[in-house]
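Take the sequence shown: its letters are residues 40 to 389, numbered as in UniProt numbering.
Just so it is clear, CB atoms sit at the ideal spot from N, CA and C, and this is done for glycine as well.
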Amino acid sequence: RHHPHRRRTTVAELFYDDDADLSLIQSKKVAIIGYGSQGHAHALNLRDSGVEVVVGLREGSASWSKAEEQGLAVATVGDAVRTADVVMILAPDQVQRTVYAEQIEPNLKADAALFFAHGFNIRYDYIAPSAGHDICMVAPKGPGHTVRREFEAGRGVPVIVAVEQDASGQAWDLALSYAKAIGGLRAAGIKTTFTEETETDLFGEQTVLCGGVTHLIQAGFETLTEAGYQPEVAYFEVLHEMKLIVDLMWEGGISKMRWSISDTAEYGDYVSGPRVITPEVKERMQAVLADIQSGAFADRFITDQDAGGVEFKELRTRGEQHPIETTGRELRKLFAWTETRDADYTEGSV
Ligand code: NAD
Ligand code: MG
Ligand code: MG
Ligand code: MG
Ligand code: MG
Ligand code: MG
Numbered sequence: 040r041h042h043p044h045r046r047r048t049t050v051a052e053l054f055y056d057d058d059a060d061l062s063l064i065q066s067k068k069v070a071i072i073g074y075g076s077q078g079h080a081h082a083l084n085l086r087d088s089g090v091e092v093v094v095g096l097r098e099g100s101a102s103w104s105k106a107e108e109q110g111l112a113v114a115t116v117g118d119a120v121r122t123a124d125v126v127m128i129l130a131p132d133q134v135q136r137t138v139y140a141e142q143i144e145p146n147l148k149a150d151a152a153l154f155f156a157h158g159f160n161i162r163y164d165y166i167a168p169s170a171g172h173d174i175c176m177v178a179p180k181g182p183g184h185t186v187r188r189e190f191e192a193g194r195g196v197p198v199i200v201a202v203e204q205d206a207s208g209q210a211w212d213l214a215l216s217y218a219k220a221i222g223g224l225r226a227a228g229i230k231t232t233f234t235e236e237t238e239t240d241l242f243g244e245q246t247v248l249c250g251g252v253t254h255l256i257q258a259g260f261e262t263l264t265e266a267g268y269q270p271e272v273a274y275f276e277v278l279h280e281m282k283l284i285v286d287l288m289w290e291g292g293i294s295k296m297r298w299s300i301s302d303t304a305e306y307g308d309y310v311s312g313p314r315v316i317t318p319e320v321k322e323r324m325q326a327v328l329a330d331i332q333s334g335a336f337a338d339r340f341i342t343d344q345d346a347g348g349v350e351f352k353e354l355r356t357r358g359e360q361h362p363i364e365t366t367g368r369e370l371r372k373l374f375a376w377t378e379t380r381d382a383d384y385t386e387g388s389v
């Protein structure tokens, strides 16, 4: 279409800046609920794109003054929602249901559009908006801090876009306009559905990106240190170098990474990789996917959260206590090039 030089290699439908009309979202009042990782990025990018934004927060929220300092209007969730044409819900997934029921729904204009950055609450029916509302998703495929940083640099993080309910007949145009305003269509927008986004997002983070990688690294670290190797050396081999390898895959796929590594490393990849990631691993991935599709994972997560997150906190503490965290903390102090750029993060308190 507008990018003939970009060869389509998949069947997915892609959108770019030329496919969206910025003036549509500029004519709306947008409430951003929550001012965390995604919330701050959406609010600031929209504002810088000429959109009227109000941030909706709990009274006494620590984010309140931070948003105000950045020049944004801030109100309670109810007040923010009352006059909004578009409500983007960027509170944590596990509290969205309660915030929606208690503060959003009672104040929502009859024809307001509801936006999400992850399909969780719609896919598993924790939120079931009435028929008059557009239900849209604009989900950046990257952390919120990157979404803001890239926008300021004149670039964007790719987004996936979906419409679950098109009450206005304009939901797609509105979703694309929003996606353009946060900078997503500078990279690309990919058309999906709430179901596909939710299930693939949960699967990716559980089996590969987060759960897979962390447990692979920990198992490698344990194997080396239990065999008597120095933890500092083990840390470099199984964690520090991970980023360098991933950067190469990100740039040019697995093939580019294999091209760049030594033939020794590449041969070891072929012969030993399948000894670790055996066919049973894929069967277990399929079992995880089945739990995502059935709603069993969502139910376990929300049930624990409703009970105060007892299991969640215990698992987080156990993770922080793994010996690789201590080794890494000490070692990273010695790296001249390491800096933590995200001001909200304090090491040792996820
Ligand atoms: P977060 O935990 O970083 O921030 C959530 C914010 O919500 C808090 O900072 C607070 O300001 C606010 N909040 C918390 N409880 C609230 C309440 N009861 N009422 C009102 N506001 C409340 O959340 P996040 O990681 O930005 O996730 C937000 C949404 O974006 C989720 O749906 C998530 O799945 C999705 N998402 C996140 C990322 C990411 O980079 N973290 C990426 C893609 C999609
Ligand atoms: Mg978070
Ligand atoms: Mg994801
Ligand atoms: Mg996710
Ligand atoms: Mg090496
Ligand atoms: Mg090579």
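Short of 6 angstroms from the beta carbon of G228, and not among the five residues preceding or following it, lie these beta carbons of its own chain, in chain order: F54, V198, V200, A218. Under the three-state reduction of DSSP, T232 is assigned to coil, being neither helix nor strand. In the DSSP assignment, no residue is bridged to L213. Relative to the Cα of S169, the nearest Cα in the group V116, G89, Y139 belongs to Y139. Beta-bridge partners of P179 (DSSP): V198. Going by DSSP, L129 is part of no alpha helix (DSSP H) at all; its letter is neither H nor E.
Around the beta carbon of C249, a 10 Å sphere encloses fewer than 16 other beta carbons of the protein chains shown; the residue is thus reported as exposed. Within the same chain, I284, L287, M288 come within 7 angstroms of M296 by CB-CB distance, once the 5 residues on both sides are set aside. Counting along the chain, A227 sits inside no alpha helix (DSSP H), nor does DSSP assign it H or E at all. Note on geometry: alpha-carbon atoms of K372 and P362 lie some 16 angstroms from one another. If you keep only unbroken beta strand (DSSP E) runs of at least 3 residues inside the region 68-142, you get 68-72, 91-96, 112-115, 125-128. Around the beta-carbon of R339, fewer than 16 other beta-carbon atoms lie within 10 Å, marking it exposed. Judged by DSSP in its simplified three-state form, F374 adopts coil rather than helix or strand.
Counting C-beta pairs with one atom in each stretch, the region 149-158 and the region 203-210 have three or more that are closer than 8 angstroms, which means they touch.
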